[in-house]
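Quick notes on the structure that follows.
Chains as they are written, first to last, in our numbering: chain F, 1 to 114; chain S, 1 to 114.
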């Protein structure tokens, strides 16, 4: 079974600085997809960024980027120039190719200090 | 475009009562997912449908839980009889049936069983 591990229950960052959230996953598959979701206090689940495992290039969405290390099964999220609105729970998720089942990590609560 | 619509947003009821949660997926999406989120267990997949057909209900906790998808634009999750330990936030999500497509979440239903 595929499992997703987020080893940091909580993280904090100073406004305008950079923070990296960790995620590792366990799989025997070679073709899969990885996602980061954000859940602010409003409890919406919002897609932040996604990565296809067959792509070597790391995905980037504005201030959000990932460091995808396939051999190490690591998928960390970097948030640059952190803003107060980035404060939320962040969930890493894995989805096997050809399968609709998505597995989520336990989440990391990010606090942004003004 | 309208996102995934869930109702009600909040539900408070006494144990033993029947609870019905509703979901309208994004038009055109052919996969629908029901999740439960609690502090203790995080985000758990309960069941998902492809083209209105239940594919995997292994996450449904017990026979008190049932889900239906009578057509492409509507799904229900029913708990009968409800128990206090069912208190959680229940999310519905939908996606296109392709691995790289992200799931789009509704705002969730916060269920409290007294």
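For every residue, glycine included, the Cβ atom is placed at its ideal position computed from N, Cα and C.
- Contact note: residue 89/S reaches chain F through 43, using a C-beta cutoff of 7 Å and chain order.
- Taking C-alpha positions only, residue 37/F is separated from residue 94/F by approximately 11 Å.
- Not a single CB atom of chain F sits nearer than 7 Å to the CB of residue 77/S.
- Every beta strand (DSSP E) stretch that sits fully inside the region 17-42 of chain F and reaches 3 residues is listed by chain position as 19-21, 24-26, 32-39.
- Straight through space, the alpha carbons of residue 5/F and residue 72/S are spaced by roughly 34 Å.
- Annotation: Cβ neighbours of residue 104/F in chain S (cutoff 7 Å, chain order): 42, 43.
- Residue 84/F sits in a helix when the DSSP states are folded into three classes.
- Residues of chain F whose Cβ lies closer than 8 Å to the Cβ of residue 61/S do not exist; the shortest such Cβ separation is about 17 Å.
- Put simply, the region 68-82 of chain F touches the region 13-30 of chain F. At least three CB pairs are less than 8 Å apart.
- Listed by position along chain S, the residues whose Cβ is nearer than 7 Å to that of residue 63/F form an empty set, because the closest Cβ is around 19 Å away.
- In the three-state reduction of the DSSP assignment, residue 9/S falls in the coil class.
- One thing to note: residue 47/S has its Cβ within 7 Å of the Cβ of residue 57/S.
- Sixteen is the threshold: since fewer than 16 other Cβ atoms of the shown chains lie within 10 Å of the Cβ of residue 51/S, the residue is exposed.
- When beta bridges are read from the DSSP output, residue 14/F appears opposite 113/F.
- If you draw a straight line from the Cα of residue 6/S to the Cα of residue 110/F, it comes to about 27 Å.
- A direct Cα-to-Cα measurement between residue 67/F and residue 3/F gives close to 19 Å.
- Going by C-alpha positions, residue 82/F is about 25 Å away from residue 107/S.
- Contact with chain F is found for residue 107/S, since one of that chain's Cβ atoms lies less than 7 Å from the residue's Cβ.
- Shown in chain order are the members of the region 33-57 of chain F whose Cβ falls below 9 Å from a Cβ of chain S: 33, 35, 37, 39, 42, 43, 44, 45, 46, 47, 50, 52.
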